[in-house]
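Undergrad: Protein chains in written order, with our numbering: chain A, 1 to 487; chain B, 488 to 798.
Heads up, the beta-carbon is just placed ideally off N, CA and C, and yes, glycines get one too.
This is the structure, below, for whatever I ask next.
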């Protein structure tokens, strides 16, 4: 390691903190900017519109297409209703989301960061607001350095008000996913909504305002773990924004290049790529953690190249491998060969397998369920007539949105009969019929009595069958216990 | 150490001055927002220490300006819950216990309330599963000494069993046939044989036949000639499979010789009417509860003005 010279040691700049370097990205037009507009419109539309889509589920269930009903512990997503014990579907979707991100990253790099991450989308939105009120990059620099006067205060207040307005609607839309949206809107504005609704809107308003308005790229660089993980997910065949240094270097203005033809590269050092960058980096330093691959520098550079009459693509999407090939003057790998490689195939197979397995599971799940627990305290009860009684806590789940008559049955115990806490021993029999309310669990205490003479522990099964559909059934294995000796 | 500090050339950042096998650490400054967050937490911490109990003292923590305590919060939560439950308790007390079955929801609420109260007041003798033990009745079964309908259970709860200072208590006293010299030891053994025959634990024998005569002379007045007992006096049914003190020869000899004297407190003087009613409902719900006289019969008695509560 090279040692520093004595002069350098004498005057180290002692800083308590590192202030954020202001980033005022310049407006730009081009292919990728248009793509960003489209994706922003789609993602924001999904976010704001989804809770308002209605979905008829009959009189016993909410008619909101997507609803996370935390109070009643139900999760509705269009035709699918998930109960808390089916949370593995949500876990499966999260695993799919994770693997999906791996797949996207290994194929097209940090596309998630550049286009559809909420932090990117909202920051982009906030920057448009900023440009609309303060003007473009240079005007913003000027305003930043200007002393506080009526004009600056006015502009700042206007900008922050619009930001706060957007932030408030961001938080406001979020809570709509957790309750019936039309009802909640009325409740919210009439002060009747739950405290947690106001608190959530408050917190999300604040975080959106701070993250989108002030933290911006610092969230990506310091706070978000995903860029670091993606760094590990990417390889030499992942698309990334590349500055073709072999073509651009050494940099020199058009004038210099005209004066000394052949001694300068294509980069005219106009700094447009730096000016438009929303994270304030210089892509010409190579791939780096601050680059979210939004490709706005490609748009900016292409425009400049057009103006100076040089070929586009000095900054371009390219894989590291293609960059090396191009440098060596060879053609790029075929796109299919780049996309279809073991890594992406494995990711897509896992992704698809989980998806298919979940679809299969959802299609085949029964919406009727019995869960019986043998009561342990006491394990058995001696009855006056010499029989022994065991009791069971039975939960019957009716996961359909209609009341359902259910028949509980028991496999044979000699001389055994059962009744529930709603009936009495006189009504005991081999089956028991009960109606379970829509979308709910009926809990009942089930008694089984059998003659005292018999094995100490006898296995048997409790079954439940829907009265209207013999195919809808479930079974739970339980046991029957007797005292060890007669005396 | 600090004299080893130097500025790292590629980054222009000072090092902290440590070195391990050539590896050094850059003293990169914190981002400003990070520092602000730290300051904000410090301010929050100071406010917290002033407002809430925080500094440990000899006996307790310093009292915060808000006067908050976890005990206070608990008490508030309990009293809030009690206020919430008050209508249920009122409804319970004002409903005729014989008509309680007519309102299943109130019954269910009473059972749940009783479940909690049972864990506080009753488990010491009857066990957490109400299964009892020798001398302490199992409340899950269908054999009752003093009656197993809601009204009888509530009466037993209010007035207790064998409370000498209370006139309305459930009271009975079996003679100590051996200790008081009423029967000879051999006679007691004959009686034991007969009682075991009644309970189906022994086969017919000469001793049992002798015991039958003794039973008719000494026991039938309370336990009835056929041994089925008498609930009005708390005389147990000797013919069923359930026994409070055991049906083996040793236990029965002890019972007949020395008698038994099980006591239950009268909860009427310790618990309020609503809690007792809840306990009655819970015990009744355990699986052996007996039916009340039919509701229409209750209506008849009520119209005659006989609907007063026992308490």
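Quick one: is residue 503 of chain B near chain A, going by C-beta distance under 8 Å?
TA: No, no contact with chain A.
Undergrad: Could you tell me if residue 562 of chain B is buried or exposed, where buried requires 16 or more neighbouring beta carbons within 10 angstroms of its beta carbon?
TA: Exposed, because fewer than 16 other Cβ atoms sit within 10 Å of the Cβ of residue 562 of chain B.
Undergrad: Would residue 66 of chain A count as contacting chain B if we go by Cβ distances under 8 Å?
TA: Residue 66 of chain A does not count as touching chain B.
Undergrad: To the nearest angstrom, report how far apart residue 695 of chain B and residue 396 of chain A are at their CA atoms.
TA: Cα to Cα, residue 695 of chain B sits roughly 52 Å from residue 396 of chain A.
Undergrad: DSSP three-state call for residue 502 of chain B: helix, strand or coil?
TA: Note: residue 502 of chain B maps to strand in three-state DSSP.
Undergrad: Measuring CB atoms only, is the stretch 734–749 of chain B touching the stretch 656–671 of chain B, in the sense that at least three cross pairs come out at less than 8 Å?
TA: Yes, since at least three Cβ pairs between the stretch 734–749 of chain B and the stretch 656–671 of chain B fall closer than 8 Å, the two stretches touch.
Undergrad: Helix, strand or coil for residue 517 of chain B, going by three-state DSSP, please let me know.
TA: Residue state, collapsed to three classes: strand.
Undergrad: Let me make sure I understand the geometry here. Which of B:672, B:564 and B:541 has the alpha-carbon closest to that of residue 553 of chain B?
TA: Here the closest residue by C-alpha is B:541.
Undergrad: Could you check how far apart the C-beta atoms of residue 62 of chain A and residue 76 of chain A are, in whole angstroms? I think they sit under 8 Å.
TA: Sure, about 7 Å apart at Cβ, within 8 Å.
Undergrad: Taking a cut of 7 Å between CB atoms, which residues from the stretch 14–29 of chain A lie near chain B?
TA: Residues passing the 7 Å Cβ filter: 15, 16, 17, 18, 19 and 20.
Undergrad: Find out if the Cβ-Cβ distance for the pair residue 220 of chain A, residue 113 of chain A is shorter than 8 Å.
TA: For residue 220 of chain A and residue 113 of chain A, yes; Cβs fall inside 8 Å.
Undergrad: Consult DSSP for residue 190 of chain A and reduce its assignment to one of helix, strand or coil.
TA: Coil at residue 190 of chain A, not helix or strand.
Undergrad: I need the straight-line Cα distance from residue 654 of chain B to residue 753 of chain B, nearest angstrom please.
TA: Cα to Cα, the separation comes out at about 11 Å.
Undergrad: Measure the alpha-carbon distance for residue 390 of chain A versus residue 687 of chain B and round it to whole angstroms.
TA: Taking the straight line from one Cα to the other gives about 23 Å.
Undergrad: Measuring alpha carbon to alpha carbon, tell me which of A:471, A:29, A:454 and A:337 ends up nearest residue 483 of chain A.
TA: Comparing Cα positions, the closest option is A:454.
Undergrad: According to DSSP, simplified to helix, strand and coil, what is residue 383 of chain A?
TA: Coil at residue 383 of chain A, not helix or strand.
Undergrad: Residue 300 of chain A and residue 28 of chain A: beta carbons closer than 8 Å?
TA: For residue 300 of chain A and residue 28 of chain A, yes; Cβs fall inside 8 Å.
Undergrad: Where do the ends of the alpha helix (DSSP H) carrying residue 443 of chain A lie?
TA: Careful: residue 443 of chain A lies outside any alpha helix (DSSP H), inside the beta strand (DSSP E) at 440–451.
Undergrad: Around the Cβ of residue 204 of chain A, are there at least 16 other Cβ atoms within 10 angstroms (buried) or fewer (exposed)?
TA: Looking at its Cβ environment, which holds 16 or more other Cβ atoms inside 10 Å, residue 204 of chain A is buried.
Undergrad: In the DSSP output, what is residue 466 of chain A paired with across the bridge?
TA: Residue 466 of chain A pairs with A:406 and A:469.
Undergrad: What is the rounded straight-line gap between the Cα of residue 419 of chain A and the Cα of residue 448 of chain A?
TA: Near 7 Å, if we compare the C-alpha coordinates of residue 448 of chain A and residue 419 of chain A.
Undergrad: Thinking residue 539 of chain B and residue 520 of chain B are a contact (beta carbons under 8 Å), I'd like their distance in whole angstroms, please.
TA: Going by Cβ atoms, the distance from residue 539 of chain B to residue 520 of chain B rounds to 27 Å, so no, they are not a contact pair.
Undergrad: Below 8 Å, how does it come out for the stretch 318–333 of chain A and the stretch 62–73 of chain A: are there three or more Cβ pairs, yes or no?
TA: At 8 Å Cβ cutoff, the stretches do not touch.
Undergrad: Would you please verify whether the beta carbon of residue 627 of chain B is less than 8 Å from any beta carbon of chain A?
TA: Closer than 8 Å: yes.
Undergrad: Kindly list, in the order they appear in chain A, the residues whose Cβ is closer than 9 Å to that of residue 692 of chain B.
TA: Ordered by position in chain A, no residue passes the 9 Å Cβ test against residue 692 of chain B, which lies about 17 Å from the chain.
Undergrad: Near residue 129 of chain A, what residues of its chain come up, given a Cβ to Cβ distance below 6 Å and the 5 sequence neighbours on each side ignored?
TA: Closer than 6 Å at Cβ, skipping near neighbours: 162.
Undergrad: For residue 599 of chain B, report the span of its alpha helix (DSSP H) as first-last.
TA: Element bounds for residue 599 of chain B: 591–608.
Undergrad: What residues in the stretch 515–537 of chain B have a beta carbon less than 8 Å from any beta carbon of chain A?
TA: Within the stretch 515–537 of chain B, the residues whose Cβ lies closer than 8 Å to some Cβ of chain A are 515, 516, 517, 518, 519, 520, 521 and 522, listed in chain order.
Undergrad: According to DSSP, is residue 401 of chain A part of a helix, a strand, or is it coil?
TA: Coil, per DSSP.
Undergrad: Look up residue 340 of chain A in the DSSP assignment and give the residues it is bridged to.
TA: DSSP output for residue 340 of chain A lists no bridge partner at all.
Undergrad: Which residues bound the beta strand (DSSP E) around residue 372 of chain A?
TA: Where residue 372 of chain A is concerned, the enclosing beta strand (DSSP E) stretches over 368–374.
Undergrad: Our contact map puts residue 402 of chain A next to residue 438 of chain A with C-beta atoms below 8 Å; I'd like the distance itself, whole angstroms only.
TA: Going by Cβ atoms, the distance from residue 402 of chain A to residue 438 of chain A rounds to 5 Å, so yes, they are a contact pair.
Undergrad: Comparing alpha-carbon positions, which option in B:603, B:622 and B:734 lies nearest residue 679 of chain B?
TA: Nearest of B:603, B:622 and B:734 to residue 679 of chain B, Cα basis: B:734.
Undergrad: Measure the C-alpha to C-alpha separation of residue 624 of chain B and residue 618 of chain B and round it to an integer number of angstroms.
TA: If you take the alpha carbons of residue 624 of chain B and residue 618 of chain B, they lie about 7 Å apart.
Undergrad: List the endpoints of the continuous alpha helix (DSSP H) containing residue 169 of chain A.
TA: Run containing residue 169 of chain A: 150–175, per the alpha helix (DSSP H) assignment.
Undergrad: Pick from A:249, A:271 and A:373: whose alpha carbon is nearest that of residue 263 of chain A?
TA: When each option's Cα is compared against that of residue 263 of chain A, the closest is A:249.
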